[in-house]
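Residue numbers (my numbering): 7 to 208. Quick reminder that beta carbons are idealized off the backbone N, C-alpha and C, glycines included. Computed from a predicted model, the values in this text were never measured in an experiment. A quick write-up on the structure given underneath.
Printed below as a string of structure tokens:
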């Protein structure tokens, strides 16, 4: 079995802006192939050699990857993203990549899509994105769903960025129940066999 600490890493940027009815987040839809086919995700991707600095913590390399990937995928230049969370994949995952999530404010530039990696992108309230997933209109993966659920509670971009800075670690476990597959983290279970998904304390 692979050492849980010996995994490739990735950086993901959770971009926020003030919308007419509260905080909005940038989500983009992946093509129906490759990683997360057809799903709505945050900009991001695996670390590349250009992101690595000798002796730097993985978190800092992942931050550089999140900045680079955001520029490559949607054409936006973000600065000083704040770490939010770290996601350790389950051992059952066919491709295992440890992913760091960072919060960043909207740089207010015009979006330019990478047509190979992005089908569509939109600014949307976290609650609306969760509702579209609940009805089956959108596909989300558990880390995206969990992040959006937390963002529903934030009152402003400023307060969201102020609450970051220390990564919350999620080590994902897959659990088979009589109803179907669920995902567990310390003290939490996400029941993905229900529609809408349900998060419960364990």
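(Q) Taking 8 Å as the cut-off, does the region 198 to 208 touch the region 120 to 130 (at least 3 CB pairs, one atom from each stretch)? (A) no
(Q) Rounding to the nearest angstrom, what Cα-Cα distance links residue 102 and residue 74 in this structure? (A) 21 Å
Q.
Whole angstroms are fine: how far does the CA of residue 107 sit from the CA of residue 161?
A. 20 Å
Q. Relative to the alpha-carbon of residue 47, which residue among 87, 163, 150, 183 has its alpha-carbon at the smallest distance?
A. 150
Q) Touching or not, the region 90 to 100 and the region 177 to 195, by the rule of three or more beta carbon pairs under 8 Å? A) yes
Q: Report yes or no: do the region 132 to 152 and the region 39 to 57 share at least 3 C-beta pairs separated by less than 8 Å?
A: yes
Q: Kindly indicate which residue of 66, 81, 77 has the alpha-carbon position closest to the one of residue 88.
A: 66
Q. How would you write the range of the beta strand (DSSP E) that residue 110 sits in, first residue to last?
A. 104 to 111
Q: Could you say which of 185, 200, 184, 208 lies nearest to residue 192 if we only look at CA atoms?
A: 208
**Q.** Whole-angstrom distance between residue 90 and residue 137, CA atom to CA atom
**A.** 23 Å
Q | DSSP state of residue 41 mapped onto helix, strand, coil | A | coil
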